[in-house]
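Residue numbers 269 to 385, in our numbering, belong to the letters of the sequence shown in order.
Just below is one structure, and these are the notes that go with it.
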Amino acid sequence: MMKKTILAAIVAAATFGVVSAQAATYVEAGGWTPREILFGKQYNGNVTAIRVDRGGFDRHTYPRQAIYPTGNSLRLAQAVVTEDPSLVAALQVRGIAQHNVLWVQTALNGGKIVYYR
Numbered sequence: 269m270m271k272k273t274i275l276a277a278i279v280a281a282a283t284f285g286v287v288s289a290q291a292a293t294y295v296e297a298g299g300w301t302p303r304e305i306l307f308g309k310q311y312n313g314n315v316t317a318i319r320v321d322r323g324g325f326d327r328h329t330y331p332r333q334a335i336y337p338t339g340n341s342l343r344l345a346q347a348v349v350t351e352d353p354s355l356v357a358a359l360q361v362r363g364i365a366q367h368n369v370l371w372v373q374t375a376l377n378g379g380k381i382v383y384y385r
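The following block contains the structure:
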């Protein structure tokens, strides 16, 4: 009985090993890593872009500077973007112009949250 269980475990491990090796080859050929498949494609580090819609339901969760931007807050946010080349690249990948950035926050994990129009 014990030998059959061990044999079944070896066969199962070998089967899964072959399948995962084939999947890894396919993933590399497609340009996606297993992490990107499981958790989505990351655009240049930890950057989250949130479009601020004046009539949106979740608008009350946005920072006040993103909802009611002033000239000073806009200049400050756009200066933060200008000073960070990785943030500029992340916005370019997403097709967000720098002049549309309303506010930039630093998340608890060190990433950036960009609010834009």
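Even glycine gets a Cβ: it sits at the ideal position worked out from N, Cα and C.
Using 10 angstroms around the beta-carbon of residue i, count the other beta-carbons present and answer buried if the total reaches 16, otherwise exposed.
i, result
"residue 376", "exposed"
"residue 384", "buried"
"residue 337", "buried"
Could you pull the DSSP bridge partners for residue i from this structure?
i, result
"residue 248", "Past the boundaries of the shown model lies residue 248; the chain is included only from 269 to 385, so the question cannot be answered."
"residue 383", "318, 371"
Under 8 Å, do residue i and residue j count as touching if we go by C-beta distance?
i, j, result
"residue 345", "residue 370", "yes"
"residue 382", "residue 366", "no"
"residue 380", "residue 342", "no"
"residue 358", "residue 320", "no"
Return the Cβ separation of residue i and residue j in integer angstroms, given the expectation that the two are a contact with Cβ distance under 8 Å.
i, j, result
"residue 360", "residue 331", "So it is not a contact: roughly 23 Å between Cβ atoms."
"residue 362", "residue 317", "5 Å"
For residue i, which residues of its own chain have a beta-carbon under 8 Å away from its beta-carbon, when the five flanking residues on both sides are left out?
i, result
"residue 368", "384, 385"
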